[in-house]
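*Asks:* Once you know that position 35 of the sequence shown is 35 in the working numbering, the rest is easy, because the numbers rise by one and skip nothing. We treat Cβ as the ideally placed atom computed from N, Cα and C, and that holds for glycine.
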Amino acid sequence: MLSHVLRMPITVYMRDDKYNGLISIAEYGQEYGEDNPIRVLYHGYGHYDALLIPGKNGAKSRL
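Right under this line is the structure:
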């Protein structure tokens, strides 16, 4: 799993059309901390995009 290779937490989000926003659907690598996770948007069918949430800590790359 990528979180173990990178030793970083990863949070997966999906669009929620009912509330016109995003919901967190999975978290991986919490043992590496909960601050500044890599955030990805899941579109379905195995497709993910990198996600930057304005105003959240983490705009600075940790890779």
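#1: Quick one: Cα of R15 to Cα of L6, how far?
#2: Between G29 and chain B, is any beta-carbon pair separated by less than 7 Å?
#3: Just to confirm, is the Cβ distance from I53 to I10 under 7 Å?
#4: Whose CA, out of L2, L41, Y45, lies closest to the CA of G21?
#5: Assign G29 to one of two classes, buried (16 or more other C-beta atoms within 10 Å of its C-beta) or exposed (fewer than that).
*Replies:* Put simply:
#1: Your numbering for residue 15 matches position 15 in the sequence shown. Your numbering for residue 6 matches position 6 in the sequence shown. Cα to Cα, the separation comes out at about 25 Å.
#2: In the structure shown, chain B does not exist; there is a single protein chain.
#3: Residue mapping note: residue 53 aligns to position 53 of the sequence shown, counting from 1. Residue mapping note: residue 10 aligns to position 10 of the sequence shown, counting from 1. No, they are not a contact pair.
#4: Looking up residue 21 in the sequence shown gives position 21. Checked all of L2, L41, Y45; the closest Cα to G21 is L41.
#5: On the sequence shown, residue 29 is found 29 positions in, with the first residue counted as 1. Per the 10 Å Cβ criterion, buried.
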